[in-house]
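Heads up, the thing below is written out as structure tokens.
In my numbering, the protein residues as written are 7 to 252.
Shown next, in the form of structure tokens:
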């Protein structure tokens with residue numbers, strides 16, 4: 007055996023050992039559970055005000071659809087991160103809404119609905135997959151006089167009232183994971199498009215302050231509990247954020 011061969015063998019052994027260690031660390035890192043999804047609260051003060059213009063004059067009760075606010079403008083990135091502090095890769099997907107008003111006809115509300123899609127722990131956005139990430143939808147339902155708004159709110163499916171949103175009358179549709187709110191001039195809803203959002207591993211964990219709440223399993227009782235939790239925490243805070251701007 008030459009001197010050169012004798013020297014090279016320990017070096018190969020050390021490199022192989024290092025490779026094994028790196029593989030072990032990589033596999034261990036991939037297996038780590040994602041952090042719980044943190045749920046915060048609405049900003050202490052609105053980031054901006056939404057101008058709805060003057061209320062329509064009698065006998066007209068609906069504001070011209072061209073004056074309705076764009077749904078994607080109702081939440082800034084900072085607004086979203088106040089409620090979902092870990093939100094990243096935020097994208098907005100505006101959609102037009104077809105609206106039929108009794109006695110007035112059909113209208114197209116440009117940008118009346120917006121899907122906010124963003125990454126959360128265990129729910130990362132993939133630019134090639136429009137169903138990836140966490141998806142929050144906001145829709146402007148009606149803008150006009152207080153009576154016009156109240157009449158439209160009365161027709162909304164609901165499972166119970168939602169408190170804690172100053173300046174708005176809000177209701178929940180827990181099975182649909184949605185909150186609908188009526189201010190004196192505008193009706194809007196916020197909706198969790200996933201409903202039973204899961205993180206990597208098939209379960210979901212949420213954190214409020216020091217408290218962690220875990221939802222696991224596919225039975226209907228578990229799904230109902232998660233829907234109720236999301237409605238009463240995150241969606242209510244999003245509704246508070248929007249209502250404070252109106």
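Heads up, the beta-carbon is just placed ideally off N, CA and C, and yes, glycines get one too.
Residue i classed as buried or exposed, judged by whether at least 16 other C-beta atoms fall within 10 angstroms
{"i": "residue 216", "result": "exposed"}
{"i": "residue 253", "result": "Absent from the structure is residue 253, since the part of the chain shown begins at 7 and ends at 252."}
{"i": "residue 208", "result": "exposed"}
{"i": "residue 174", "result": "buried"}
{"i": "residue 220", "result": "exposed"}
{"i": "residue 54", "result": "exposed"}
{"i": "residue 244", "result": "buried"}
{"i": "residue 148", "result": "buried"}
Identity of the residues DSSP links to residue i by a beta bridge
{"i": "residue 177", "result": "167 and 186"}
{"i": "residue 148", "result": "193"}
{"i": "residue 217", "result": "214"}
{"i": "residue 76", "result": "Beta-bridge pairing links residue 76 to no other residue."}
{"i": "residue 58", "result": "Bridge partners of residue 58: none, in fact."}
N-terminal and C-terminal residue of the beta strand (DSSP E) that residue i is part of
{"i": "residue 112", "result": "111-125"}
{"i": "residue 102", "result": "94-107"}
{"i": "residue 212", "result": "210-214"}
Start-to-end residues for the alpha helix (DSSP H) that takes in residue i
{"i": "residue 229", "result": "226-236"}
{"i": "residue 85", "result": "83-89"}
{"i": "residue 244", "result": "242-249"}
For residue i, the nearest candidate out of the options (CA to CA)
{"i": "residue 59", "options": "192, 169, 208 and 198", "result": "192"}
{"i": "residue 241", "options": "170, 130 and 223", "result": "170"}
{"i": "residue 94", "options": "69, 122, 111 and 108", "result": "122"}
{"i": "residue 113", "options": "126, 71, 204 and 124", "result": "71"}
Proximity test, Cβ basis, 7 Å: residue i and chain C
{"i": "residue 98", "result": "In the structure shown, chain C does not exist; there is a single protein chain."}
message: Check whether the segment 108-122 and the segment 220-233 touch, using three or more Cβ-Cβ pairs below 8 Å as the test.
response: Contact fails: fewer than three Cβ-Cβ distances are below 8 Å.
- prompt: Are at least three pairs of beta-carbons, each pair with one atom in the segment 166-181 and one in the segment 128-147, less than 8 Å apart?
  reply: no
- request: Kindly confirm or deny that the segment 92-111 and the segment 68-77 touch, where touching means at least three C-beta pairs closer than 8 Å.
  value: They touch, by the three-pair rule.
- prompt: Touch check for the segment 84-93 and the segment 37-46: three-plus C-beta pairs under 8 Å?
  reply: yes
- prompt: On the three-pair Cβ rule with 8 Å, is the segment 156-169 touching the segment 127-134?
  reply: no
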